[in-house]
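Asker:
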Amino acid sequence: ILNVEQSPQSLHVQEGDSTNFTCSFPSSNFYALHWYRWETAKSPEALFVMTLNGDEKKKGRISATLNTKEGYSYLYIKGSQPEDSATYLCAPNTNAGKSTFGDGTTLTVKP
Amino acid sequence: DTGVSQDPRHKITKRGQNVTFRCDPISEHNRLYWYRQTLGQGPEFLTYFQNEAQLEKSRLLSDRFSAERPKGSFSTLEIQRTEQGDSAMYLCASSLGAHLAKNIQYFGAGTRLSVL
């Protein structure tokens, strides 16, 4: 079982603030990392798939970076909006396709 | 709707009863996953299938839990002799395959189980 840690556990920011969270995972046997967004009363939705050390992905105001050598990924949100309020989950994958999820960072953006 | 569907959305049962949940994945997806999620935690892996073959079952899963995917399409998760500790959200997800972008998982809305 992989030990996946996400920090902080929760975050409250004002609309317009930029924010970032961390996902830490064992660097040995790394294969891929997925980020998901989970809004209340909805299903988790995939944001990014990252595989290479130094990878950077961007989707609108959300971006992510990956460091496989030290075993971490950062998710950044620029100019947070209330609709960004959600739990953000990271999930390292084995090469067999099995995902281990962190407990998530719950972001609340206040108008 | 061509997404992952789960039925029922909510289930309330008495301790000791058996319950069964159903998941219908996206039709062309080979992989199907079951997770359990409790408040404040991320989805916890239970089991997964490649077509009809169950590839792995979590060691944390007791013998009261069983899952099937008989024709490689829909799947069922059964919990026998439910206990209060089984109360959780049960999530199903499906993906095209095992590797990289094909393993992006598409989740259903979940079945919330309450054991009284």
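Sequences listed follow chains A and B, in order.
Okay, so the first sequence: first residue is 36 according to the numbering used here, each after it adds one.
Okay, so the second sequence: first residue is 33 according to the numbering used here, each after it adds one.
C-beta: ideal position from N, C-alpha, C; glycine also.
Quick one: which residues of the segment 57 to 88 of chain B get their C-beta closer than 8 Å to a C-beta of chain A? List them in chain order.
Answerer: Arg63, Tyr65, Tyr67, Gly72, Gln73, Gly74, Pro75, Glu76, Phe77, Tyr80, Leu87, Glu88
Asker: What in chain E is Cβ-close to Ile136 (chain B), meaning under 8 Å?
Answerer: No chain E is present in this structure, whose protein chains are A and B.
Asker: Among the residues of its own chain, which have a CB less than 7 Å from the CB of Glu100 (chain B), if the five just before and after it don't count?
Answerer: Your numbering for residue 100 (chain B) matches position 68 in the second sequence. Cβ within range, chain order: Ser107, Thr108.
Asker: Is the segment 50 to 64 of chain A close to the segment 102 to 111 of chain A, with three or more CB pairs under 8 Å?
Answerer: yes
Asker: DSSP three-state label for Asp56 (chain B), please.
Answerer: Residue 56 (chain B) sits at position 24 when you count from the first residue of the second sequence. Strand.
Asker: If the criterion is Cβ atoms closer than 8 Å, does the pair Arg113 (chain B) and Arg96 (chain B) meet it?
Answerer: By one-based count along the second sequence, residue 113 (chain B) stands at place 81. By one-based count along the second sequence, residue 96 (chain B) stands at place 64. In this structure, Arg96 (chain B) lies closer than 8 Å to Arg113 (chain B) by Cβ.
Asker: Can you find the residues in the same chain that come closer than 6 Å, C-beta to C-beta, to Ile97 (chain A), ignoring five residues on each side of it along the sequence?
Answerer: Taking the first residue of the first sequence as 1, we reach residue 97 (chain A) at position 62. Leaving aside the five residues that flank Ile97 (chain A) on each side, the residues in its chain whose CB is nearer than 6 Å to its CB run, in chain order, Ile112.
Asker: Could you pull the DSSP bridge partners for Ile44 (chain B) from this structure?
Answerer: For the purposes of this step, residue 44 (chain B) is taken as the residue at position 12 of the second sequence. In DSSP, Ile44 (chain B) forms a bridge with B:Ser146.
Asker: Rounded to the nearest angstrom, how far is the Cβ of Gln44 (chain A) from that of Thr140 (chain A), given a contact under 8 Å?
Answerer: In the first sequence, counting from the first residue as 1, residue 44 (chain A) sits at position 9. In the first sequence, counting from the first residue as 1, residue 140 (chain A) sits at position 105. 7 Å between Cβ atoms; contact.
Asker: Which value, in whole angstroms, describes the spacing of the CA atoms of Lys164 (chain A) and Lys92 (chain A)?
Answerer: There is no way to answer for residue 164 (chain A), as the model of chain A reaches only from 36 to 146.
Asker: So Arg63 (chain B) packs on Asp39 (chain B), CB below 8 Å; how close in whole Å?
Answerer: Residue mapping note: residue 63 (chain B) aligns to position 31 of the second sequence, counting from 1. Residue mapping note: residue 39 (chain B) aligns to position 7 of the second sequence, counting from 1. That pair is no contact at about 20 Å.
Asker: Quick test of your reading: Ser126 (chain B) and His61 (chain B), contact by CB under 8 Å. State the CB separation rounded to the nearest angstrom.
Answerer: Within the second sequence, the letter at position 94 stands for residue 126 (chain B). Within the second sequence, the letter at position 29 stands for residue 61 (chain B). The distance from the Cβ of Ser126 (chain B) to that of His61 (chain B) is about 4 Å, consistent with a contact at the 8 Å cut-off.
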